[in-house]
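Data first, discussion second: the structure below is written as structure tokens.
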Amino acid sequence: MAGDNFDKGWVYILHFKIPGLKSNYFKIGLTKNPIPERISGLQTGNPFKIVKHHHFDSECMGLLEGHLHKIFAERRFRKEWFTFAPRVLKKVIKEGTDFSNKYNPLAIKLRKLDKQTSIHKPMTPTANHLKLHKEAIAISRKIQEIELQRDIAKENLRRLTGNCIGIDGITGFTGLKIPAPSLKSSELKKHDLSEWQKWQITGIFSKKEEIIGVGTKLKNHPKLDTKHKVLKNSASSLFDLSTYNAKTKSRSKSSRNYHAEYIDCIGELGLLKADLDMIIIQFKLDCRRRHEIIDVFKYLRTDNGTKFDKDGFNTNKRKAYDARWFYSNNPSPSFSVSNAIGYQ
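For the sequence shown, the numbering used here assigns the number 584 to the initial residue and increments by one for each residue that follows.
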């Protein structure tokens, strides 16, 4: 499921006050941190006062935020900002309250199901499951399409960034220096298998959930997928650690446009993933302990996994810092795009 859709936190409605004028500007957002901290971050550099109007204690903050954004989309004027007259604001609060009353208990129940091992007994799909499955596949393929459009915009921004460390307020490169040395467990396994085996932890829980039959991006969107791969191959070679310019480029019309495309894609993806999760909720509740709805949804939960006990191994001072598996990697430049527009 989407990253924060089932996380516990707060969904807030903030009021954007303009001195001497009546303001109907409000922001609907989410946070896991105290709301005053979020307001403080938004207030920095903002000449107008931002105050909390209302908040919801949510067990599924991403779903609630996405639901309100979708229901009141026609009143949105910029990403998470909306214009609400007093009567509409009352509807927003009622909609959020009703949604929370319905889905908070389900989110708690789903978190418990996610931690229970499944039994190897599939479920035969009902007519409603088959109907929801078609919807889920359509949404999943739309998500693939928008993800490719987002990634194409990102690679175009990488192309425009070139051999500089970033574009002001839009892009940036990190990871340009040699990182601190660290343990490479794969190297330990290669050089000293018995020692590596000694530090394996067993009984690790894992979960795999999947809408069956979605297909790959290459299969469903071949033109977009090819365009993205070609652009990525050409853009990724432009930045050179040995010759890069340690300056930030100014924004251009093209970089602004690609940035706007990138952010629009992020917003659309959030809504689509919330819609998909609403279907997954139903599938999970119906599966309960079963591992699958046949040819519809996989919900496999096991506790027979293993992992390397890195912390435990690091207490073994004699072997932990052996140069064969404890060393610094080469610098690995990482390119990122800002998820918000912080400029005029």
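Glycine included, every Cβ here is placed at the ideal spot set by N, Cα and C.
- Enclosing beta strand (DSSP E) for Cys870 [first to last residue]: Here Cys870 belongs to no beta strand (DSSP E); instead the alpha helix (DSSP H) covers 836 to 870.
- With distances taken from CA atoms, which of Lys806, Lys812, Gly749 is nearest Ser917? Gly749
- Output the boundary residues of the beta strand (DSSP E) element that contains Gln783. Start and end: 783 to 794.
- Task: In angstroms with no decimal places, state the Cα-to-Cα distance between Trp908 and Ser701.
- Result: 37 Å
- Item | Coarse secondary structure for Arg907, derived from DSSP in three states | coil
- Task: Report back the beta-carbon spacing between Ile611 and Val634 to the nearest angstrom; my notes put them in contact at under 8 Å.
- Result: Actually they are not in contact, since the Cβ atoms of Ile611 and Val634 sit about 14 Å apart, beyond 8 Å.
- Task: Evaluate the contact criterion for the stretch 622 to 639 versus the stretch 590 to 608: three or more CB pairs, one atom per stretch, below 8 Å.
- Result: yes
- Query: Can you find at least 3 beta carbon pairs, one from the stretch 710 to 726 and one from the stretch 881 to 891, that sit closer than 8 Å?
  - Reply: no
- Thinking C-beta only, is Asn607 closer than 8 Å to Ala668? Cβ atoms of Ala668 and Asn607: closer than 8 Å.
- What beta strand (DSSP E) runs, 3 residues minimum, are completely inside the stretch 623 to 672? 632 to 641, 659 to 661, 664 to 666
- Any 3 or more C-beta pairs closer than 8 Å across the stretch 811 to 825 and the stretch 730 to 744: yes
- Note down the Cα distance separating Ile864 from Gly592, rounded to an integer number of angstroms. 19 Å
- Item | Cβ distance (whole Å) where Ser911 is taken to contact Ala763 below 8 Å | 7 Å
- Task: Just grab the DSSP bridge partners of Leu883 for me.
- Result: Lys791
- Counting Cβ pairs, one atom from each stretch, are 3 or more of them under 8 Å apart for the stretch 773 to 782 and the stretch 833 to 843? no
- Message: For Asp905 and Leu766, I'd like the C-alpha separation in whole angstroms.
- Response: 9 Å
- CB-CB under 7 Å to Thr707, same chain, minus the five flanking residues each way: which ones, in chain order? Here Thr707 has Ile877 as same chain residues with Cβ atoms under 7 Å from its own Cβ, once five neighbours each way along the sequence are excluded.
- Whole-angstrom distance between Arg724 and Lys802, CA atom to CA atom: Answer to the nearest angstrom: the Cα atoms are 10 Å apart.
- Message: Three or more C-beta pairs under 8 Å: does that hold for the stretch 642 to 655 against the stretch 686 to 694?
- Response: Short answer: they touch.
- Hey, quick one: how far does the alpha helix (DSSP H) through Thr826 stretch, first residue to last? Where Thr826 is concerned, there is no enclosing alpha helix (DSSP H), given that its DSSP letter is neither H nor E.
- Do you know how far the Cα of Leu859 is from the Cα of Ile729? 14 Å
- Secondary structure of Ile876, DSSP reduced to three states: strand
- Message: Looking only at its chain, what residues have a beta carbon closer than 7 Å to the beta carbon of Leu731, apart from the 5 residues adjacent to it on each side?
- Response: Lys800, His804, Leu807, Asp808, His811
- Item | Burial state of Arg621 (16 or more Cβ within 10 Å) | buried
- If you draw a straight line from the C-alpha of Val813 to the C-alpha of Gly603, how long is it? Distance between the alpha carbons of Val813 and Gly603 is about 53 Å.
- Quick one: using the 10 Å Cβ neighbour count with 16 as the cut-off for buried, is Asn629 buried or exposed? exposed
- Can you say whether Glu793 is buried or exposed, counting buried as having 16 or more other CB atoms within 10 angstroms of its CB? exposed
- Task: Leaving aside the five residues before and after Ala923 along the sequence, list all residues of the same chain whose C-beta is less than 6 Å from its C-beta, in chain order.
- Result: Within its own chain, no residue has a Cβ closer than 6 Å to the Cβ of Ala923 once the five positions on either side in sequence are excluded.
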